[in-house]
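>
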Amino acid sequence: MDAAMNILKELTEHEIVAYTLLSLVITARSPHYRLIKPILLPSLVGGIVYRSVYMTDSKSLLTIVLEIAAAITTDLTYSAKLVAFIHNAIGLVVLCTLFNWVNSVSIFDITHISVKGISNWGYGYVKNFSIVQKELEKEKNKMREDFDQSLKARSRALGDVNTELPQKGWKKTAILNLMKNACAEEDKIWENGKVSGGVYFGQRKHIDMLNDAFSKYSISNPLHADIWPSVMKFESEVVAMTADLVSGGVDSVCGCVTSGGTESIILAMKAHRDYYRELHGITEPEMVTCISAHAAVNKGCDMLGIKLIQVPMDPHTFRIDMTAFRAAIGPNTILAYASAPTFPQGAIDPVRDIGELAVQYGFGVHVDCCLGGFVLPFARKAGYDIPDFEFSVPGVTSMSLDTHKYGFALKGTSVVLYRHHKLRHAQYFCYPNWSGGMYTTPTIAGSRSGGLIAQTWASMMAMGREGYEKHVADIFSTTRVIAKGVTDIEGIELSCEPDAMIVCFQPVTDAATGKQSLNIYNVADKMAKRGWSLNPLQNPACVHLCCTVAHVGKEHVFLNDLQDCVADVLLNPPKSGGNAAIYGATSSMPAGPVEEMMKVYNDVVLGV
Ligand SMILES: *Cc1c(COP(=O)(O)O)cnc(C)c1O
């Protein structure tokens with residue numbers, strides 16, 4: 023202590039000011055800054071007051087600043103000192119940057135830098151040349167034709183294309199017959215239980231009940247709570263029952279019903295953005311996610327102006343890489359994102375480790391339970407070893423759970439939950455001055471469908487704990503039978519042991535040559551020919567089956583088909599390689615200027 027005091031005494035006042043400034047610049051880049059910030063100004067003021075009261079010979083701050091300014095222009099020896107000081111400061115910044123860079127290179131897997139990535143980067147530069155644009159246009163037209171042929175053939179076969187209102191309204195029978203005939207064909211595709219995810223509970227009796235519930239409230243709008251108090255009851259109870267599954271004894275958990283997982287996630291991001299702007303004055307918010315996080319996060323960052331920092335996954339467990347995660351935390355971090363489980367490989371991120379850091383540094387954690395919300399609590403009950411992922415983990419501030427997936431309700435609802443009311447308040451939108459009246463809505467939409475809320479309530483009430491427990495137990499044992507079966511198929515391997523209800527498999531890589539046994543997308547294409555709608559994934563290339571009630575009892579049909587398809591691809595590898603996966607579509611797509619291709623895809627889907 024004495025030694026430190028002596029060093030301090032030897033410093034001139036100028037040096038103290040300079041070093042304080044320098045340390046401020048450096049700490050402002052550290053995640054601890056937000057913790058120091060509230061005490062910075064009071065201690066600075068306190069220090070100055072202390073000096074002026076008790077050390078009567080000390081100079082005032084203004085004098086010091088003026089002296090520094092004067093010294094820069096007049097005092098040569100002093101300005102030499104200052105120059106040396108600035109050189110030191112620059113040196114330190116360069117050193118820190120270098121250190122950060124080495125750190126990030128050693129953490130981020132440089133094998134992620136791909137030829138495709140580099141060519142996309144180059145493409146960004148050249149695409150504006152007119153000659154390139156002409157070629158691109160040609161290429162896009164070709165793509166449009168290809169998509170058009172593969173996507174639109176069946177929809178056009180349904181009859182005349184309507185591009186304007188019919189002069190005279192159609193008869194009810196004509197409308198319903200068209201739909202009946204179309205559905206009869208389309209239902210066959212999912213009713214045989216060969217779709218990964220998609221339809222989570224395909225039993226007719228349940229669907230008919232949901233339709234009944236929907237039709238009773240098809241006209242209602244929860245915005246008018248005075249007209250439909252029963253819809254208000256359903257919404258609040260859907261939230262309460264969902265919260266009960268994951269609250270982990272935290273009484274203050276609250277939430278609301280949204281239109282789907284994507285909206286739940288975007289709303290949770292908005293709530294954290296506004297909450298931390300208020301609490302810590304963070305105006306350039308950052309969010310840390312794993313590259314396995316659902317793309318809804320990228321969409322949300324794009325819409326909300328939040329900077330996204332993506333860290334890699336562990337190459338063996340496919341869970342978030344905690345070393346990289348720790349390094350990515352900064353003073354502007356408002357939210358970390360964990361998935362339970364992830365969409366691609368079905369891995370459960372280490373929520374407890376993430377929560378610990380969040381508590382230490384004071385940011386939020388969103389747990390994406392869109393897939394797992396109505397599964398993991400019941401799987402634990404059935405005796406499976408499920409790590410803690412809910413509000414029982416300190417640091418978890420929000421969660422999303424999709425009622426329209428494993429909640430077995432119709433598409434169009436999800437639940438977002440918060441640890442406390444202040445976060446939910448930050449989600450609401452209020453505009454008191456609108457000429458249409460004081461306007462406030464809890465979610466992104468204005469008017470909403472009370473019918474969707476009613477059928478969600480109906481689904482949960484009809485299932486009950488016992489219903490979910492039974493179906494989840496079946497789904498989990500099916501997943502494990504299929505995973506075990508995949509390990510016995512030559513040429514492919516499990517990407518990782520399933521943490522939940524997703525079986526993800528990839529080609530075997532030769533340890534000596536690094537060569538892969540096959541192109542896994544060819545296997546997905548072959549499976550599609552046998553009626554299987556699997557999910558092709560990328561980075562790394564793999565394919566998954568998201569097990570649902572529809573697959574229970576179909577384990578061996580799947581494994582036999584998969585074995586045949588893999589053997590077939592190994593024996594006659596198709597020439598065309600270089601495919602890319604697209605979310606939600608059955609099969610793979612040709613590589614190319616990817617974003618252009620994706621836009622053309624949407625154009626074709628939306629065109630008549
Ligand atoms: C489905 C899903 C979402 C997004 O949900 P939508 O309902 O499609 O908007 C988000 N995260 C995970 C893990 C999902 O599986």
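The opening position of the sequence shown corresponds to residue 23 in my numbering, with each subsequent residue numbered one higher. Ideal Cβ placement from N, Cα and C applies to all residues, glycine included.
#1: Just verifying my parser: in three-state terms, what is the DSSP assignment at Asn557?
#2: When DSSP builds the beta bridges, which residues end up paired with Cys452?
#3: Ignore the nearest five residues each way along the sequence and tell me which others in Cys564's own chain have a CB closer than 7 angstroms to its CB.
#4: Measuring straight from C-alpha to C-alpha, what distance separates Ala431 and Met483?
#5: Alpha carbon to alpha carbon, how far is Leu567 from Arg552? Give it in angstroms, no decimals.
#6: Could you pull the start and end residues of the alpha helix (DSSP H) that Phe151 belongs to?
#7: Ignoring anything shorter than 3 residues, give me the beta strand (DSSP E) runs that lie fully in the stretch 214–299, in order along the chain.
#8: State the Cα-Cα distance for the pair Ala315 and Asp371, rounded to the nearest angstrom.
#9: Report buried or exposed for Gly606, applying the criterion of at least 16 other Cβ atoms within 10 angstroms of its Cβ.
#10: Quick check: what's the CA-CA separation for Tyr41 versus Asp296?
#11: So what does DSSP say about Met421, is it helix, strand or coil?
#12: Keeping to the same chain, check which residues put their C-beta closer than 7 angstroms to that of Lys81; ignore five residues upstream and five downstream.
#13: Is any heavy atom in ligand 1 found nearer than 7 angstroms to the beta carbon of Thr284?
#14: Rounded to whole angstroms, what is the Cα-Cα separation between Phe365 and Leu393?
#15: Just the C-alpha distance for Asp209 and Ile524, rounded to the nearest angstrom, thanks.
#16: Going by C-alpha distance, which of Tyr100, Gln560 and Pro464 is nearest Gly277?
#17: By the three-class DSSP mapping on this structure, what secondary structure does Cys392 have?
#18: Given a threshold of 16 other Cβ atoms within 10 Å of its Cβ, counted over all protein chains shown, does Leu46 qualify as buried or as exposed?
#19: Ignore the nearest five residues each way along the sequence and tell me which others in Asp496's own chain have a CB closer than 8 angstroms to its CB.
#20: Under three-state DSSP, which class holds Cys526?
#21: With distances taken between CB atoms, is the gap from Ala350 to Val387 smaller than 8 angstroms?
#22: In the DSSP assignment, the beta strand (DSSP E) including Ile356 goes from what residue to what residue?
#23: Three or more C-beta pairs under 8 angstroms: does that hold for the stretch 413–431 against the stretch 451–460?
#24: Express the C-alpha separation of Val418 and Thr49 in angstroms, rounding to a whole number.
#25: What does the alpha-carbon distance come out to for the pair Ala480 and Gly327?
#26: Need the endpoints of the alpha helix (DSSP H) that Gln477 sits in, please.
#27: On the three-pair Cβ rule with 8 angstroms, is the stretch 296–307 touching the stretch 341–350?
#28: Kindly confirm or deny that the stretch 490–506 and the stretch 394–412 touch, where touching means at least three C-beta pairs closer than 8 angstroms.
#29: Roughly how many whole angstroms lie between the Cα atoms of Pro612 and Gly144?
#30: With a threshold of 7 angstroms (Cβ to nearest heavy atom), would Cys564 be considered close to ligand 1?
#31: Is there contact between the stretch 505–514 and the stretch 266–273, where contact requires at least three CB pairs shorter than 8 angstroms?
#32: Nearest CA to the CA of Pro353: which residue from Met254, Thr462 and Pro307?
#33: Determine the direct distance from the alpha carbon of His294 to that of Ile673, and round the result to whole angstroms.
#34: Look up Cys118 in the DSSP assignment and say whether it is helix, strand or coil.
#35: Based on the DSSP secondary-structure assignment, which residues constitute the bridge partners of Leu516?
#36: Tell me, to the nearest whole angstrom, how far the beta carbon of Ala362 is from that of Val389; I am working on the premise that it is less than 8 angstroms.
Judging by the given coordinates:
#1: strand
#2: Thr462
#3: Ser517, Cys526, Phe527, Gln528 and Ile542
#4: 11 angstroms
#5: 15 angstroms
#6: Neither: Phe151 is in no alpha helix (DSSP H) and is coded neither H nor E.
#7: 276–280
#8: 10 angstroms
#9: Because the pLDDT at Gly606 is just 49, under 50, the model does not fix this residue reliably, and the value given afterwards should be weighed accordingly. When all chains shown are included, Gly606 counts as exposed.
#10: 34 angstroms
#11: strand
#12: Glu35
#13: yes
#14: 7 angstroms
#15: 23 angstroms
#16: Pro464
#17: coil
#18: exposed
#19: Val571 and Val574
#20: strand
#21: no
#22: Thr355 to Ser361
#23: no
#24: 26 angstroms
#25: 37 angstroms
#26: Gly472 to Thr509
#27: no
#28: yes
#29: Bear in mind that the predicted position of Pro612 carries a pLDDT of just 49, short of 50, making it unreliable; the figure below should be weighed with that in mind. Answer to the nearest angstrom: the Cα atoms are 19 angstroms apart.
#30: no
#31: no
#32: Pro307
#33: Any question about residue 673 goes unanswered here, given that the chain covers just 23 to 630.
#34: helix
#35: Phe527
#36: 6 angstroms
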